[in-house]
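Residue numbers (the numbering used here), protein chains in the order written: chain Z, 1 to 147; chain C, 1001 to 1423.
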């Protein structure tokens, strides 16, 4: 089964990856602060049962928005530059300023490493998508969910 | 976005490719939020969130070196979040050794900060807005700050205007001298999306009330009714201390960048309910709701019944008033229990300015007698070390609870544990 959603490309790009889904706000620092000592970045945010202990690296992270520390964008930028980041960020709502910073920083300052980012995919996207779904992101903000 | 000729020149590379990329980043971030222009940063000082030389943040330090090498320095002096490490904080030899590796870039990074525009050696604190550090913006100032607890305080209590900027972006704003005009910089963006009605029987714990509101409203702006019945209508030092801790919890448990408190905070005092949007949502907070929120905090210690090994107080950094108040409370509770020193190693964290002022009072010697350690660190970053994960640390900071494995207790519970039972 395939379903298509259309959002706004914040950092345009193409990628295919497996979905990991949080229905509550993604606390970037709380989730990713141990990424550099993990063989693969896993969520360590004790307050987020949706994704606690799940692998984030190279996944299509589906979320409503990010919350918490203003180190957020900086951590995302470092994760992208160190190949420890999610493959893409897919927001059901309007992206927040911290995640936007991470996506734009990586887009402007990195020659090669990218983290395609799409926002405004709608509440229906987050209600539909499940862990393990195959996600394809296109540069125009189209997101295809295959199950 | 419409840029002035000066801004366009920066974007077009008049001051080099690196400055052009700085501007491009700011412009793109602004355009995402519909900003139609860039406005000058008018606050006297900036504030940076990155204060820790985490070995693994190499890409950020490389980027900052590029700024330095290209002469793209901050146009204003800035303060910076607290240092991450202090050898005087109780820890094992293994943890000390690990810290040297984890914060291996600290020295390099502090040299970078000096070159970029650090105000002075005492500038490392998350409570830069206290008089002892002196980065106190005026109402209406446009800021380029990060650090969620400082941004929410500057917006809400001081009436300055600052978005929840990410680390790196806040430095870019100080380098370029401009920030994109959107969100909390605009009158419209400062209107309240939520009415919070407080119906508790007493003044709530600032940390729990902030947590409850943060988790409910997320990034929205709340207008809080009923809190003035407990706090009064003047921003006294005690009230500002309460709001410091309250705001930090709203910003870390949610993503609040601005709150209004009826009859108390500057814009709410002047504009009243005109600040509330039509169709604002409602959230009622009573004693039962606060109890529900507190009981919902998970405990991720391996052994939930473990004896605490360490207690941190001061995230955000303590005010002078808090340090004195806690000293008196600890002395009294120890005396009642027949103990001379705290039963759990306990650390107070505060800015260098507050620590120096505290040292000049009679309370410094009295606190030392209780065995409490005073430090300038960021407890959050100090615990950002795998050897501290799953260690039984307790705190009355909801921010520290959110980002680490520290377990949250109310101030009264903490006082009881550290002076009486040790558990």
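Ideal Cβ placement from N, Cα and C applies to all residues, glycine included.
Pair within 9 Å by beta-carbon distance, residue i and residue j
i	j	result
residue 1425 of chain C	residue 1163 of chain C	A query on residue 1425 of chain C cannot be resolved here, the shown segment of chain C reaching from 1001 to 1423 and no further.
residue 88 of chain Z	residue 17 of chain Z	yes
residue 1054 of chain C	residue 1078 of chain C	no
residue 1241 of chain C	residue 1352 of chain C	no
residue 1160 of chain C	residue 1275 of chain C	no
residue 1135 of chain C	residue 1118 of chain C	no
residue 1003 of chain C	residue 1027 of chain C	yes
residue 108 of chain Z	residue 1018 of chain C	no
residue 1106 of chain C	residue 1065 of chain C	no
residue 1146 of chain C	residue 117 of chain Z	no
residue 1299 of chain C	residue 1342 of chain C	no
residue 135 of chain Z	residue 146 of chain Z	yes
residue 74 of chain Z	residue 1050 of chain C	yes
residue 1214 of chain C	residue 1268 of chain C	no
residue 1413 of chain C	residue 1397 of chain C	no
residue 83 of chain Z	residue 103 of chain Z	no
residue 1243 of chain C	residue 1206 of chain C	yes
residue 98 of chain Z	residue 142 of chain Z	no
residue 1331 of chain C	residue 1366 of chain C	yes
residue 1313 of chain C	residue 1348 of chain C	yes
Buried versus exposed call for residue i [16 or more other C-beta atoms within 10 Å across all chains shown]
i	result
residue 130 of chain Z	exposed
residue 1320 of chain C	buried
residue 96 of chain Z	buried
residue 1377 of chain C	buried
residue 1302 of chain C	exposed
residue 1101 of chain C	exposed
residue 1362 of chain C	exposed
residue 1092 of chain C	exposed
residue 1090 of chain C	exposed
residue 51 of chain Z	buried
residue 1317 of chain C	buried
residue 1335 of chain C	exposed
residue 1245 of chain C	buried
residue 1392 of chain C	buried
residue 1023 of chain C	buried
Opening and closing residue of the beta strand (DSSP E) in which residue i lies
i	result
residue 18 of chain Z	15-21
residue 1197 of chain C	1192-1198
residue 119 of chain Z	117-119
residue 1222 of chain C	1222-1225
residue 1363 of chain C	Run containing residue 1363 of chain C: none in the beta strand (DSSP E); it sits in the alpha helix (DSSP H), 1363-1370.
residue 1283 of chain C	1276-1285
residue 78 of chain Z	Premise fails: residue 78 of chain Z lies in the alpha helix (DSSP H), 72-81, not in any beta strand (DSSP E).
residue 5 of chain Z	2-6
residue 89 of chain Z	88-91
residue 1243 of chain C	Not the beta strand (DSSP E): residue 1243 of chain C falls in the alpha helix (DSSP H), residues 1237-1253.
residue 135 of chain Z	134-137
residue 1374 of chain C	1373-1375
Cβ distance (whole Å) where residue i is taken to contact residue j below 8 Å
i	j	result
residue 1375 of chain C	residue 1081 of chain C	Not confirmed; about 14 Å, so no contact.
residue 81 of chain Z	residue 110 of chain Z	6 Å
residue 1182 of chain C	residue 1016 of chain C	The pair is not a contact, with the Cβ atoms about 27 Å apart (cut-off 8 Å).
residue 1109 of chain C	residue 1172 of chain C	About 17 Å separates the two Cβ atoms, so there is no contact after all.
residue 1052 of chain C	residue 1103 of chain C	6 Å
residue 1099 of chain C	residue 1295 of chain C	About 34 Å separates the two Cβ atoms, so there is no contact after all.
residue 1285 of chain C	residue 1203 of chain C	About 12 Å separates the two Cβ atoms, so there is no contact after all.
residue 1042 of chain C	residue 1142 of chain C	5 Å
residue 1308 of chain C	residue 1417 of chain C	7 Å
residue 56 of chain Z	residue 42 of chain Z	7 Å
residue 1166 of chain C	residue 101 of chain Z	3 Å
residue 1153 of chain C	residue 1247 of chain C	5 Å
Delimiting residues of the alpha helix (DSSP H) encompassing residue i
i	result
residue 1337 of chain C	1320-1337
residue 1061 of chain C	1058-1069
residue 1022 of chain C	1017-1032
residue 146 of chain Z	Element bounds for residue 146 of chain Z: not the alpha helix (DSSP H) but the beta strand (DSSP E), 142-146.
residue 1416 of chain C	1411-1416
residue 1213 of chain C	1206-1217
residue 1079 of chain C	Note, residue 1079 of chain C: premise wrong, no alpha helix (DSSP H); beta strand (DSSP E) at 1078-1080.
residue 1093 of chain C	1093-1102
residue 61 of chain Z	Residue 61 of chain Z -> not in any alpha helix (DSSP H); beta strand (DSSP E) instead, spanning 60-63.
residue 1184 of chain C	Taken as a continuous stretch (DSSP letters only), residue 1184 of chain C belongs to no alpha helix (DSSP H), as it is neither H nor E.
residue 1346 of chain C	Taken as a continuous stretch (DSSP letters only), residue 1346 of chain C belongs to no alpha helix (DSSP H), being part of the beta strand (DSSP E) at 1346-1350.
heavy atom of the ligand SAM below 8 Å from residue i C-beta
i	result
residue 1352 of chain C	In the structure shown, the ligand SAM is absent, as is every other ligand, since no ligand is present at all.
Margin query: Short of 7 Å Cβ to Cβ, which residues in the segment 1051-1070 of chain C face chain Z?
Written below: 1056, 1057, 1059, 1060, 1063
Check: When Cβ atoms are compared, which residues of the segment 1150-1178 of chain C fall closer than 8 Å to chain Z?
Finding: 1151, 1163, 1164, 1165, 1166, 1167, 1168, 1169, 1170
Next item on the list: For the segment 68-91 of chain Z, enumerate the residues whose C-beta is nearer than 7 Å to any C-beta of chain C, in chain order.
Entry: 68, 69, 70, 71, 72, 73, 74, 77, 78, 81, 82
Notebook entry, point to check: What are the residues of the segment 1319-1335 of chain C that lie near chain Z, defined by any Cβ-Cβ distance shorter than 7 Å?
Noted result: none
Item checked: Residues of the segment 35-64 of chain Z with Cβ closer than 7 Å to any Cβ of chain C, in chain order -> 36, 37, 46, 47
Check: Between the segment 1-14 of chain Z and chain C, which residues of the former have a C-beta closer than 7 Å to a C-beta of the latter?
Finding: 10
Notebook entry, point to check: Using a beta-carbon distance cut-off of less than 7 Å, what residues from the segment 113-146 of chain Z approach chain C?
Noted result: none
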